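Each remark here refers to the structure printed beneath this line.
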Amino acid sequence: MIWFFWLTAFINKETVFLYPQKNPMNSSSIKSISILLKIFTLAFLFLHQSALAGVLDDFNDNKVKGWNKFDFGSGNGYLKEKDGQLTIGMHQAPKQQFFVAATYSAETFAIEDGNTLEFSVDLIGANQADSFAVLSFIPKEYDVSTLTGYSFAKDINDLLLAKGLNKYFYDTTEGDWLDREENIRLVLSMTGSGKSVEVTTKVLDLDNNGAVLFEDTRIDSVEAEDFSTGDDDPAGSFIGKPGNFVLLLYHNDTNGSLPPSTVTLDNAFVSITGASNKNNPPVIADVYPVTS
16 MIWFFWLTAF INKETVFLYP QKNPMNSSSI KSISILLKIF TLAFLFLHQS ALAGVLDDFN
76 DNKVKGWNKF DFGSGNGYLK EKDGQLTIGM HQAPKQQFFV AATYSAETFA IEDGNTLEFS
136 VDLIGANQAD SFAVLSFIPK EYDVSTLTGY SFAKDINDLL LAKGLNKYFY DTTEGDWLDR
196 EENIRLVLSM TGSGKSVEVT TKVLDLDNNG AVLFEDTRID SVEAEDFSTG DDDPAGSFIG
256 KPGNFVLLLY HNDTNGSLPP STVTLDNAFV SITGASNKNN PPVIADVYPV TS
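Numbered according to my numbering, the sequence shown spans residues 16 to 307.
And the structure:
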């Protein structure tokens with residue numbers, strides 16, 4: 016016999032009632048449908064979470080797709096995928112400070128109140144001590160040349176969190192991360208709280224099960240923050256502003272003597288987590304037959 020049911024989900028009560036159209040069901044049938052609905056719910060939750068977290072690009076196709084190069088129009092920068100990794104580099108030594116950026120343009124992201132937007136990338140290696148690898152969130156309303164946004168930068172001797180060119184929340188030269196510029200993960204985590212953004216930066220050791228080599232948290236509020244370098248001008252966070260995932264190579268040549276820089280990266284990753292109700296699916300918790 017074919018059974019037809021109306022499924023009414025009372026989301027606020029987190030309860031589902033099944034109303035049989037005809038012929039009452041026995042307890043074994045109710046139990047079977049309850050199990051099926053719970054399996055469906057778990058699958059739905061899994062797919063929902065998967066949509067909010069994943070690898071933006073693992074570079075395994077060895078083709079640069081979805082990334083826009085920026086090198087100040089010089090033609091000196093290049094992006095190359097090989098052996099499942101991305102290399103950002105320059106053809107010739109610029110004889111000055113210079114950077115090459117790769118902006119993922121196929122998708123934008125925003126830091127929302129109550130949610131955490133997290134970017135990460137694996138730094139496989141750099142060719143010299145003054146080659147910075149930089150992981151950035153750059154709002155679309157700003158040109159990448161200004162580096163206006165949140166940027167986590169590392170070379171072999173320095174770690175810094177920037178909000179723009181020469182605008183640093185911190186610039187540190189001490190820690191377990193010193194002399195490590197290979198097989199580490201850079202993490203830039205941004206949590207919205209009202210009109211402020213809590214920015215957490217981490218360095219993880221990929222050779223030691225992701226052990227934390229560095230972690231720091233700063234608050235970017237509506238007020239001007241006390242920077243270690245430069246001024247927080249204009250003040251205010253970037254909450255609610257759509258922006259891009261950006262990777263950079265910064266060539267820190269202060270005396271014009273360095274050869275061309277390169278950094279090699281892998282596994283550009285994005286996740287969004289938090290309590291925003293509009294992102295949460297309905298919960299089907301239990302199934303009850305109608306007793307009357």
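For each residue, glycine too, the CB sits at the ideal point set by N, CA and C. All values derive from a computational prediction rather than experimental measurement.
Within a Cβ cutoff of 6 Å, which residues of the same chain sit near residue i, ignoring the five residues on either side of it in sequence?
{"i": "D98", "result": "none"}
{"i": "A15", "result": "Nothing in the structure corresponds to residue 15, since the chain is present only between 16 and 307."}
{"i": "V237", "result": "K210, G251"}
{"i": "Q64", "result": "Confidence is the limiting factor: at Q64 the pLDDT is only 41, short of 50, which leaves the residue's position unreliable, though a coordinate-based value still follows. Answer for Q64: no residue qualifies."}
{"i": "D247", "result": "A239, E240"}
{"i": "V218", "result": "W192, I199, L228, F229"}
{"i": "S166", "result": "V149, S151, A177"}
{"i": "S89", "result": "none"}
What did DSSP end up calling residue i once you bin it into helix, strand or coil?
{"i": "S120", "result": "strand"}
{"i": "T206", "result": "strand"}
{"i": "S151", "result": "strand"}
{"i": "V227", "result": "strand"}
{"i": "V159", "result": "helix"}
{"i": "A108", "result": "coil"}
{"i": "L273", "result": "coil"}
{"i": "L71", "result": "strand"}
{"i": "N83", "result": "strand"}
{"i": "G258", "result": "strand"}
{"i": "G88", "result": "coil"}
Note down the Cα distance separating residue i from residue j, rounded to an integer number of angstroms.
{"i": "S211", "j": "L228", "result": "26 Å"}
{"i": "T288", "j": "F242", "result": "28 Å"}
{"i": "L309", "j": "G92", "result": "Limits of the chain in this structure are 16 at one end and 307 at the other, which puts residue 309 out of reach."}
{"i": "F59", "j": "V70", "result": "Because the pLDDT of F59 is 45, which lies under 50, any placement of that residue in the model is unreliable, and the number read from its coordinates should be weighed accordingly. Using only the alpha carbons, I get a separation of about 20 Å."}
{"i": "H106", "j": "P257", "result": "32 Å"}
{"i": "A108", "j": "S208", "result": "43 Å"}
{"i": "K110", "j": "D128", "result": "43 Å"}
{"i": "P274", "j": "Q112", "result": "12 Å"}
{"i": "D73", "j": "G271", "result": "34 Å"}
{"i": "N223", "j": "L193", "result": "15 Å"}
{"i": "G140", "j": "S146", "result": "10 Å"}
{"i": "L176", "j": "E122", "result": "23 Å"}
{"i": "E213", "j": "I126", "result": "10 Å"}
{"i": "T232", "j": "M205", "result": "10 Å"}
{"i": "S120", "j": "L174", "result": "26 Å"}
{"i": "F114", "j": "L221", "result": "26 Å"}
{"i": "P154", "j": "A226", "result": "30 Å"}
{"i": "N130", "j": "L203", "result": "14 Å"}
{"i": "L280", "j": "G245", "result": "29 Å"}
{"i": "T187", "j": "E230", "result": "12 Å"}
{"i": "R195", "j": "N172", "result": "9 Å"}
{"i": "F284", "j": "F124", "result": "12 Å"}
{"i": "N181", "j": "H266", "result": "14 Å"}
{"i": "Y183", "j": "T269", "result": "18 Å"}
Which residues does DSSP list as the beta-bridge partners of residue i?
{"i": "T288", "result": "T131"}
{"i": "Q100", "result": "K97"}
{"i": "T279", "result": "T102, G140"}
{"i": "R233", "result": "V214"}
{"i": "I199", "result": "L138, D220"}
{"i": "L263", "result": "A116, V149"}
{"i": "L175", "result": "A168, D186"}
{"i": "W192", "result": "In the DSSP output, where bridge partners are listed per residue, W192 has none listed."}
Just to confirm my understanding: we take residue i, look at its own chain, exclude 5 residues before and 5 after, and list those with CB closer than 7 Å. What are they?
{"i": "N142", "result": "S276, T277"}
{"i": "E189", "result": "none"}
{"i": "L94", "result": "V79, W82, K84, L101, I103, A117"}
Return the residue from the list the options that minimises the CA-CA distance to residue i.
{"i": "I234", "options": "D76, G251, T244", "result": "G251"}
{"i": "S151", "options": "G271, N270, L273, F253", "result": "F253"}
{"i": "N77", "options": "F87, T102, K84", "result": "T102"}
{"i": "E156", "options": "T279, K95, A283, G255", "result": "G255"}
{"i": "T216", "options": "S236, G140, Y185, V79", "result": "Y185"}
{"i": "A117", "options": "E133, W82, V214, D194", "result": "W82"}
{"i": "G179", "options": "Q100, V159, T187, N172", "result": "V159"}
{"i": "A144", "options": "E122, L132, K169", "result": "K169"}
{"i": "N282", "options": "E196, G90, L138, S120", "result": "L138"}
{"i": "F87", "options": "N181, L162, A148", "result": "L162"}
{"i": "E197", "options": "E230, S166, A148, E133", "result": "A148"}
{"i": "L201", "options": "S135, P249, Y183, N259", "result": "S135"}
{"i": "L132", "options": "H266, T269, N259, N181", "result": "N259"}
By Cβ distance, which residues of its chain are closer than 8 Å to residue i, with the 5 residues on each side in sequence left out?
{"i": "S307", "result": "For S307, the predicted model reports a pLDDT of 40, less than 50, meaning its position is unreliable; a value from the coordinates is still stated below. Correct list: empty, nothing qualifies."}
{"i": "N75", "result": "G99"}
{"i": "E96", "result": "F74, D76, N77, K78, V79, T102"}
{"i": "G164", "result": "S151, F152, I153, P154, Y157, K178, G179, F253, G258, V261"}
Please determine whether the Cβ atom of residue i lies at a distance below 7 Å from any heavy atom of the ligand ATP.
{"i": "T188", "result": "In the structure shown, the ligand ATP is absent, as is every other ligand, since no ligand is present at all."}
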